Structures are given as C-alpha cells and as structure tokens.
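Q: Before I ask anything, let me first share the structure, which is written out below as structure tokens.
Numbering (our numbering), first residue to last: 1054 to 1635.
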C-alpha cells in the first residue's frame, strides 16, 4: 500500500515543476516513503530515488526520508543497511543543503546517552559534507550545528577514572574526536580567508563552550599517568584551534589585566569570552602546560599571578568539586613560581587579592570534600609565605576582620605569632611585627566579639590561640625591652580581653555545671524506660538517639575546655604580676 502511494505521488510529480509541488504531495511522499523504509522496502525506494526522472522530486522532498534512514544506520545489523546507506548518501548529494542541515540536526537530538553517542558519531561527518555545500553562507549553520552537538555532548557521562577514559566507556572521547575532525575544514577556511570573520566567531564560541564543558569538568592526566589521553588530545586541539583563528592565548589568559575589547557584532565582551571558559584555559596552560610555547618568556610570575587571580576567583566561587579543585590547582601553580616574601602590599589593593582569600576560607570551612579542605589549607599557607612582611601584616588584619570563623582566626593568630617570633630573632627585626605598627593587629587579636557574653566554645580556637600568643609575648618580650609594645598595651588588653574572658568563663562554667546537675537530678526521677534517650535540636533539625550519658559527657568536655582556658589565663596573670611588681 505504502509503496503504491509512493509510486503514484512520484509519477504525478514528474509532470510538475519544482515550485508546483503541493503540500499534499509533500505529505504523501513523506509518509509513504518513510513507511516503505520501515517496512523493509528500501530497495524499491532506492530505485525510485536514483531514477534520473525523479531528481527534482528528491531534491525538493528527499530530506523527509532521513528519520527512518538514520534509525537503520544506527542499527548496523539491519538487513537493509546497504540500501539505506546508498539512499542516505544520494540524499546528501542531491537535496538542498539547508533542508538537509535541519533534518540531520533533528536526528541528532537524542536523550539516552547511548543514542546520543551513536547519533553524534554517525551524523557529524554527513553534516560536515552538507555544510561545505553551503559556500559562503555556511557560518550561521555551522554555529547552530556546533551548538547542537555540544548540547548533546553534555548529556554523556564524564569519565572519572583513568580506566574509564582509556576504555572510553561512555563514548565521550570518541565524540570529542569526531568534533575536532568536524571543525577542521572550517578552521582551515577561516584561517586562510580574510573575509570569514563570522565563521571565526562561530568557531570561537565553540572553543569557549568546550573549555567550559567538558574540559573544565574532567580530569586531564599527564603523559606519565596516561600516555595516550584522548581528552588531553582534545584540549590540545581546542587550544590549537584558538590560535589558528587568530585568538592569541596570552591575551586570552591575561585578559583581566588588559583593556576591554570592542568587537563589532557582539553585545558584551563576556558573551564572546565567558569568564569560566577563560579560567579553564588558564588551568590548561599553567597547570597542564598545554601550549606553553605560545607564552612570552618575559611574562613575570607576578604578572601571571595577577591575571590568574581573576580566574581563580571564578573557579572558587563554584560549589562543584571539579571547579573548586581546578581553582586550587591554578592558584597553587601560580604561587609556586614566586620566591617567598616577594609579593608587595600594594597587590592587596587589587580586588581579587581579597576575594580569593575569602573564597579559600569558605572552601576550608564549608566544603564537604575533605581532600579539598586539606588542599585549600595547604595553598592558603603557600599564599601567606609569598607575601612580604608588610603584606603579611595587612593580610592578617584583613582576615581577622572578615573571616568570622574561629578556626581560621586561630590559624591567623598562630601565623602572627610565627612572624613576631621571627622579628624578635637576632637580625630579624622589622617594623610591622614589633613596635607601634604591631599594636593595631594585637588589638584585633586580643578582644572578645561580644564581651563576657561571647560563646566561648564556638570561639574556642581563636581564644586559645590568642591566650597562647599573649603568654608567648609576656615570656619572650621582657618589660625592659618591650620590642612588641605589649607591656604598654596591657591595660587595654586587660579591659578588652582578659577581664571579659574571666567573667565569661565564670558564667559559662556555672551554666554548664547547673545543666549537668539538672540532668543528673532528672535522671534519678525518670524510669529506666524513659531515660533511654533524648532528642537534641540544632537549629531547625532534630538529632535523635542522643543519650543523656552522651549529653553529660559533652557538657563535661566543655567544662574541661573552660578549665584549659582558665589555666592559661591564670598563668598569664601570674606572669604579669611577677614582671610588674607594685
């Protein structure tokens, strides 16, 4: 039935000019032709398609046969595969290229990852063939094709392990390889022609998108780990493409330091050069050393660091593990090229030198991944090591004002102690960690955020490190020398820190002792059944199955912390009294 309908409509259309085909003719040809292929009559369809008398009809309507043909081509074991391949290839040569592009892109759209991989590997080469037929009008269609292909690529799972990349279990690597093959003739055309600015723009957009996904999301392995890495090869090809279309890699990486570009045809520079893509590019260059030969050797490590700080800011502002990891790697690689104590304080006037440390603090304290928290702490210390003494001083002061985290503040106070210790060594004197300059920093250290009402347990790290620093200063810096100025500041420290802390300790200890007493009394009055467990609420979340014994143990642990604070506090008071007799 379908074959008869197809034959009838073809015979009828043979006497009609191309412009005279009715919508009914199109519908009958489409439905009947597809039904024939689906029914296994591909040989008959091939005969009709190849008939010289039907070429105008095929040119106008043949692209409608693509859906069943593509299904057969994807199912390589189909018996009518040879006939369908012949029909498909003839359509690519005969049909109008714009209609073919539309039809092929419709078949490219899939949802299942396996189907996505299959359609990309099958259709990119035919799409390339058809696009090349468009001549000088191809740029918009190339852009749409590349955008559609990348949307499909994002549906594929990313390889996590070396073995997954080697075996290409998700076909991502093969699809990336097909994409690089697909763009080659267009890259050559854009490179060799002075008039192909629109094509260059589409290729630039493609490169920027691939830098964001998949390259920013995957782990690239060096040659020692994986001698033949398809993803690394793909990254190299993308960087090579950027250079070929006239985008110098140094300018792209250092763009945050350069003047904004005014490019005709684009609304915003951020549209042309997305920040996340540029950050990914910087990671490829400075961490994996791809296209390192493109960078002038005159670029100083400080200049490279300044440019990369913007990229690090972008990466660390994410919550995704891969981006956070790459942000830390890029920051670390940018720092290791510097000599210790070489970064001047003027750099801290640059916004990114404030935003990056704040982001680092968030990673160290809030990131759910332990390996990233540990990595962040390591890189954080590395950044401190690279500042000169004035920069360290200003950096510590800034973080004490902004971190709002007891553990981080305690770490900074330990670092301050190390710098003071170095300054007090023979020949180590500097104006920032002794004398009058040190006092504003000490005043920031020796204070309680809310006076006696401060939550001592929540601020335990900060308070203990502050007490230890004060104890060190009193022991190390004699009254007669007073190099740090601590002895002239003691009265203020007494009022702002020691006295409020003493009151706070007494209040907290009394409160916790009363809580323990109440719980013990309640325990005596409860039956064995009801005293088994209690619920504790933290914020809006209820934490069940916390026994009273566990609660009492936690309260006793708090009392131990108070005792520890008080013992150091009493030792400080004792030493002050000995050193400053009435």
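Each residue gets a CB set at the ideal place from its N, CA and C atoms; glycine is no exception. Note that the structure is a prediction, hence the values are computed from the model and not measured.
What residue range is occupied by the uninterrupted alpha helix (DSSP H) comprising residue 1502?
A: Position 449 of the chain shown, counted from the start, is the residue given in the question as residue 1502. Taken as a continuous stretch (DSSP letters only), residue 1502 belongs to no alpha helix (DSSP H), as it is neither H nor E.
Q: DSSP three-state call for residue 1348: helix, strand or coil?
A: Here residue 1348 refers to the residue found at position 295 of the chain shown. DSSP places residue 1348 in coil when its eight states are reduced to three.
Q: Which same chain residues, not among the five before or five after residue 1039, have their C-beta less than 8 Å away from its C-beta?
A: The structure shown does not extend to residue 1039, since the chain spans only 1054 to 1635, so no value can be given for it.
Q: Pairs of beta-carbons, one from the region 1375-1392 and one from the region 1335-1342, closer than 8 Å: are there three or more?
A: Contact between the region 1375-1392 and the region 1335-1342 is present, because at least three Cβ pairs lie under 8 Å.
Q: Where does residue 1223 fall in DSSP's three states?
A: Residue numbering aside, residue 1223 sits at position 170 when the chain shown is read from its first letter. In the structure shown, residue 1223 sits in coil (DSSP, three-state: anything other than H, G, I, E or B).
Q: Is residue 1366 closer than 8 Å to residue 1418 when the C-beta atoms are compared?
A: Within the chain shown, residue 1418 is the residue found at index 365, counting from 1. Within the chain shown, residue 1366 is the residue found at index 313, counting from 1. No; because the gap between Cβ atoms is not below 8 Å, this pair is not in contact.
Q: Closest to residue 1433 by CA distance: which of 1442, 1422, 1443 and 1452 is it?
A: Stepping through the chain shown from its first residue, residue 1433 is reached at position 380. Nearest of 1442, 1422, 1443 and 1452 to residue 1433, Cα basis: 1452.
Q: Let's see if you can read the secondary structure: which residues bound the alpha helix (DSSP H) around residue 1061?
A: Position 8 of the chain shown, counted from the first residue, corresponds to residue 1061. That run of the alpha helix (DSSP H) goes 1055-1066.
Q: Need the endpoints of the alpha helix (DSSP H) that residue 1614 sits in, please.
A: Reading the chain shown from its first residue, position 561 is the one you call residue 1614. Segment 1601-1632, the alpha helix (DSSP H) holding residue 1614.
Q: Per DSSP, what kind of secondary structure is residue 1287 in: helix, strand or coil?
A: Locating residue 1287 in the chain shown gives position 234, counting from the first residue. In this structure, residue 1287 counts as helix in the three-state DSSP scheme.
Q: Going by beta-carbon coordinates alone, are residue 1491 and residue 1439 separated by less than 8 Å?
A: By 1-based counting over the chain shown, the position of residue 1491 is 438. By 1-based counting over the chain shown, the position of residue 1439 is 386. Going by C-beta atoms, residue 1491 is not nearer than 8 Å to residue 1439.
Q: Pick from 1060, 1149 and 1504: whose alpha carbon is nearest that of residue 1554?
A: Within the chain shown, the letter at position 501 stands for residue 1554. The residue with the shortest Cα to Cα distance from residue 1554 is 1504.
Q: In this structure, how does DSSP classify residue 1440 when only helix, strand and coil are distinguished?
A: Translated into the one-based positions of the chain shown, residue 1440 becomes position 387. Three-state result, residue 1440: strand.
Q: Is it buried or exposed, residue 1094, if we count other Cβ atoms within 10 angstroms and call 16 or more buried?
A: Locating residue 1094 in the chain shown gives position 41, counting from the first residue. It is buried - the Cβ of residue 1094 has at least 16 other Cβ atoms within 10 Å.
Q: Straight-line CA distance for residue 1243 to residue 1300?
A: Within the chain shown, the letter at position 190 stands for residue 1243. Within the chain shown, the letter at position 247 stands for residue 1300. Residue 1243 and residue 1300: Cα-Cα distance of roughly 12 Å.
Q: Need the endpoints of the alpha helix (DSSP H) that residue 1518 sits in, please.
A: Locating residue 1518 in the chain shown gives position 465, where the first residue counts as 1. Unbroken alpha helix (DSSP H) run through residue 1518: 1513-1529.
Q: Look at residue 1129 and residue 1166 and say whether their C-beta atoms are less than 8 Å apart.
A: In the chain shown, the residue the question calls residue 1129 occupies position 76. In the chain shown, the residue the question calls residue 1166 occupies position 113. In this structure, residue 1166 does not lie closer than 8 Å to residue 1129 by Cβ.
Q: Would residue 1231 be called buried (16 or more neighbouring beta carbons within 10 Å of its own) or exposed?
A: By one-based count along the chain shown, residue 1231 stands at place 178. Label assigned to residue 1231: buried.
Q: Where does residue 1593 sit, in a helix, a strand or coil, going by DSSP?
A: As a working mapping, residue 1593 is identified with position 540 in the chain shown. Any reading at residue 1593 must be qualified, since the residue scores a pLDDT of 47, below 50, and its modelled position is unreliable; the value itself is stated next. If DSSP states are grouped into helix, strand and coil, residue 1593 belongs with coil.
Q: Bridge partners for residue 1396 per DSSP, in chain order?
A: Here residue 1396 corresponds to residue number 343 of the chain shown, with the count starting at 1. Looking at the DSSP assignment, residue 1396 forms a beta bridge with 1440.
Q: Please work out which residues of its chain come closer than 7 Å, Cβ to Cβ, to residue 1482, disregarding the five sequence neighbours upstream and downstream, and give them in chain order.
A: Taking the chain shown and counting its residues from 1, the one referred to as residue 1482 is at position 429. Correct list, in chain order: 1476.
Q: Assuming residue 1142 is part of the alpha helix (DSSP H), what are its boundary residues?
A: The count along the chain shown starts at 1 and reaches residue 1142 at position 89. Note, residue 1142: alpha helix (DSSP H), 1134-1147.
Q: Check whether the Cβ atoms of residue 1498 and residue 1527 sit closer than 8 Å, and answer yes or no.
A: Stepping through the chain shown from its first residue, residue 1498 is reached at position 445. Stepping through the chain shown from its first residue, residue 1527 is reached at position 474. Their beta carbons are not under 8 Å apart, which means residue 1498 does not touch residue 1527 by this criterion.
Q: CB residue 1063 to CB residue 1107, shorter than 8 Å?
A: In the chain shown, the residue the question calls residue 1063 occupies position 10. In the chain shown, the residue the question calls residue 1107 occupies position 54. For residue 1063 and residue 1107, yes; Cβs fall inside 8 Å.
Q: So, do the region 1238-1254 and the region 1189-1196 have three or more beta carbon pairs nearer to each other than 8 Å?
A: Yes: the two stretches touch, three or more of their Cβ pairs being nearer than 8 Å.
Q: Note down the Cα distance separating residue 1319 from residue 1255, rounded to an integer number of angstroms.
A: Residue numbering aside, residue 1319 sits at position 266 when the chain shown is read from its first letter. Residue numbering aside, residue 1255 sits at position 202 when the chain shown is read from its first letter. For residue 1319, the predicted structure reports a pLDDT of 46, less than 50, and the residue's modelled location is therefore unreliable. A value from the coordinates is still provided. Straight-line Cα distance between these residues: approximately 12 Å.
Q: Measure the C-alpha to C-alpha separation of residue 1284 and residue 1177 and round it to an integer number of angstroms.
A: For the purposes of this step, residue 1284 is taken as residue 231 along the chain shown, with counting starting at 1. For the purposes of this step, residue 1177 is taken as residue 124 along the chain shown, with counting starting at 1. Going by the C-alpha atoms only, they are around 19 Å apart.
Q: Can you give me the Cβ contacts of residue 1387 inside the same chain, cut-off strictly under 7 Å, excluding the 5 residues immediately before and after it?
A: One-based indexing of the chain shown puts residue 1387 at position 334. Only 1339, 1357, 1358 and 1361 meet the Cβ criterion.
Q: In terms of residue numbering, what span does the alpha helix (DSSP H) encompassing residue 1384 cover?
A: On the chain shown, residue 1384 is found 331 positions in, with the first residue counted as 1. That run of the alpha helix (DSSP H) goes 1374-1389.
Q: Please classify residue 1594 as buried or exposed, where buried requires at least 16 other C-beta atoms within 10 Å of its C-beta.
A: For the purposes of this step, residue 1594 is taken as the residue at position 541 of the chain shown. Its pLDDT being 49, under 50, residue 1594 is placed unreliably by the model, and the measurement read from it follows with that caveat. Flag for residue 1594 reads exposed.
Q: Relative to the C-alpha of residue 1082, which candidate in 1069, 1441, 1104 and 1115 has its C-alpha closest?
A: The residue you call residue 1082 lines up with position 29 of the chain shown. When only C-alpha atoms are compared, the closest one is 1115.
Q: Exposed or buried, what is residue 1261 when buried is set at 16 or more other beta-carbons lying within 10 Å of its beta-carbon?
A: Your numbering for residue 1261 matches position 208 in the chain shown. By the 10 Å Cβ count, residue 1261 comes out buried.
Q: Nearest to residue 1303 by alpha carbon, out of 1507, 1454, 1345 and 1557?
A: Here the question's residue 1303 lines up with position 250 in the chain shown. Out of 1507, 1454, 1345 and 1557, 1345 has the C-alpha closest to the C-alpha of residue 1303.
Q: Using a 10 Å radius around the Cβ and a threshold of 16 neighbouring Cβ atoms, would you call residue 1121 buried or exposed?
A: In the chain shown, counting from the first residue as 1, residue 1121 sits at position 68. The residue is buried, with at least 16 neighbouring Cβ atoms inside 10 Å.
Q: Would you call residue 1057 buried or exposed, if buried means 16 or more other Cβ atoms sit within 10 Å of its Cβ?
A: What you label residue 1057 is simply residue 4 of the chain shown in a count that begins at 1. Exposed, because fewer than 16 other Cβ atoms sit within 10 Å of the Cβ of residue 1057.
Q: The alpha helix (DSSP H) spanning residue 1262 covers which residue range?
A: Position 209 of the chain shown, counted from the start, is the residue given in the question as residue 1262. Its alpha helix (DSSP H) spans residues 1250-1265.
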